[in-house]
Structure formats: structure tokens, C-alpha cells
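One rule links them: number in the working numbering = place in the sequence shown (from 1) + 678.
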Amino acid sequence: MRINTSTPLILLCAAAMLLVAPTACTDDGTGDTGDTDTSGGDGDGDGDPGDGDGDPGDGDGDPGDGDGDPTGDGDGDPGGVDEAAIIAEAMGYQSWVLINAAPFMSAGHDGGMATVNVWVPPDLAAQYKAIDPANPMATEFAEGSIIVKEHLDDMGMPAAGTIMYKGPPGYSEGSGDWWWGMGNVLGGELASSGPDLAGCIGCHSPQTTTDWVFGVPPADQNP
Ligand code: HEC
């Protein structure tokens, strides 16, 4: 599947905003009704993030399952990736380590107009944080490594996201064995995914020293 990535990203964000906006409107409405309820006020604010917060707990259990599948499927074959397991794992990204200290403007995604956060699972945080884009040292990510970049909407709420997942050795030479996904990561609904997303590959492949990964400048990282 070869697609121009920037267009879907923009469409996706537009679609996400369509999805997000009515929710916000509904919240306002609920808030009014909530005034009569004792818990109405708090419930509205906590409620929305709560949907996302609940999922990460499930996601923590998945990495182990996901790692096993690609290897288990292919005896000696390069094997594939278990896309459903990756998406389930990625849905829990908000329980991972937030790399950047503050949301930042992406240098690439959505034509450099996306405000983003980068999340990695705890066991990957040291390796990811060690990448200094200004002075990249060679690093290679192990099979099962997963990174999520979260795109925020104008209100700072997650609107969409992109996923990189490292498949087994030989999984996809043309993509550095990475599997790519983009869409509603929190909701587990991707607009496109696979080893051959040309847009993602075009931008990320020049990062040869750091295994196709850009990294976040150390000065912008959480301590
Ligand atoms: C126009 C160039 C460009 C395109 C296209 C692009 N990226 Fe990126 N990507 C970047 C840059 C630059 C960064 C570094 C952080 C930043 O500035 O946003 C990045 C960071 C990331 C990260 C965080 C890990 C890292 O590299 O530090 C993920 C995950 C990611 N991109 C996934 C994707 C996926 C999936 C696609 C395709 C749907 C994609 N990207 C398409 C430029 C691009």
C-alpha cells in the first residue's frame, strides 16, 4: 500500500477534530446537566482522559504477548508482525514514559504543523533518550520496540498518533524492519498501517545511524 502520508495525516487530524469537537460540545452540555448532580462537575473533566487512562493498564500486559507472536508464527521465516497485538499495545501508550518535557512542534509530521508528544515503554526509555539528534550515535532497536508519537489538537487533547514497531529481523528490508501505523491510536483505529508506508519511510530512512529514529533533543527531554 503506497500512499502519500501527509494527506492522510491532515485528513485524519481534520477527522479527529470532527470527532473531538462534538465530544467537547457534549461535555459542555453534560456539564450543565451535571450542575444538578453532586458529582457532575468533576465527572466531566476526569471522564474523558479516564477512557484513555483505563486502557493503558490493559496495554501493559500485551508487550509480552506481542513479542512472542512474530517469532512463534515463523519457524525460520522472517515472520510477520501481529498487527492487532501492536495496536492493542500502542493503545496503552499514555501509561508509558513521556520523553519530551513539553509538547513540541513536530519538525516533520503534518508539514511541521503538528504539536506532538513522544512516548516509549519504560524498557525503551534509556535507549530512546540517548539519541541526540544533533550528535547521533549508532543505535539499533530490538524486535518488539515500539514508539508512539501523539498528535495534539488545538486544545492540547490527543487527536491522532503515529506508531513505529520493530518487526523480527528480515520482516521488511525496505523499512528497516519497522512497521508503521497512523490514526486514532488511543481508540485503536488506524487509518493506515504496514511495513510499506512510503511517506513515513521517505522521511525516516535517512536516519541511518539511529535505526530510522529521529529522537528528541536532550535539552527538550523530561529529566
Ligand atoms: C515529513 C517528514 C516525516 C514524515 C512523512 C513522517 N515522519 Fe515521523 N518523524 C519525523 C520527525 C522530524 C520526527 C522527530 C520528532 C518531530 O520533530 O516530530 C519524527 C518522529 C516520529 C516518531 C517518534 C520516534 C522518532 O523517530 O523519534 C514516530 C513514532 C514517527 N515519527 C512515526 C511516523 C509514522 C508512522 C509516519 C508515517 C505515517 C511518519 N512518522 C512520517 C518526520 C517525519
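Note that CB positions come from ideal geometry on N, CA and C, so glycine has one too.
Model, not experiment: these values are computed from the prediction.
Note: Met842 is bridge-paired with Ile825 and Trp858 in the DSSP secondary-structure output. For Glu867, the enclosing beta strand (DSSP E) begins and ends at Glu867 to Gly872. In its chain, beyond the 5 residues on either side, Pro895 have a beta carbon closer than 8 Å to the beta carbon of Ala812.
Measuring C-alpha to C-alpha distances from Met833 to each of Ala792, Gly848 and Gln772 identifies Ala792 as the nearest.
Taking 6 Å as the cut-off, one finds no heavy atom of the ligand HEC near enough to the beta carbon of Trp774. Cβ atoms of Gly880 and Val863 stay farther apart than 8 Å, at about 21 Å.
Boundaries of the alpha helix (DSSP H) harbouring Glu767: Glu761 to Ala768, taken from the DSSP string. Residue pairing for Gln899: DSSP places it in a beta bridge opposite Asn778. In the structure shown, Pro800 adopts helical secondary structure according to DSSP, grouped into three states. Contact annotation: the segment 784 to 791 does not touch the segment 842 to 852, with fewer than three C-beta pairs closer than 8 Å.
Judged by DSSP secondary structure, Ile879 falls within the alpha helix (DSSP H) whose first and last residues are Ala876 to His882. One alpha carbon belongs to Val798, the other to Ile824, and they sit about 7 Å apart.
Sequence-distant Cβ neighbours of Gln899 in its own chain, meaning closer than 7 Å and more than five residues away, are Ile777, Asn778, Ala779 and Lys807.
Contact check for Ala816 against Thr887 passes: the beta carbons are separated by less than 7 Å. Measuring C-alpha to C-alpha distances from Pro846 to each of Ala768, Asp831, Pro873 and Pro814 identifies Pro873 as the nearest. DSSP places Asp788 in the uninterrupted alpha helix (DSSP H) bounded by His787 to Gly790.
Of the residues assessed, Ala768 falls on the buried side of the cut-off, its CB having 16 or more other CB atoms within 10 angstroms.
As the crow flies, the alpha-carbon of Trp890 is around 11 Å from that of Ile809. Between Trp774 and Pro800 the beta-carbon gap is near 7 Å, inside 8 Å, which marks them as a contact.
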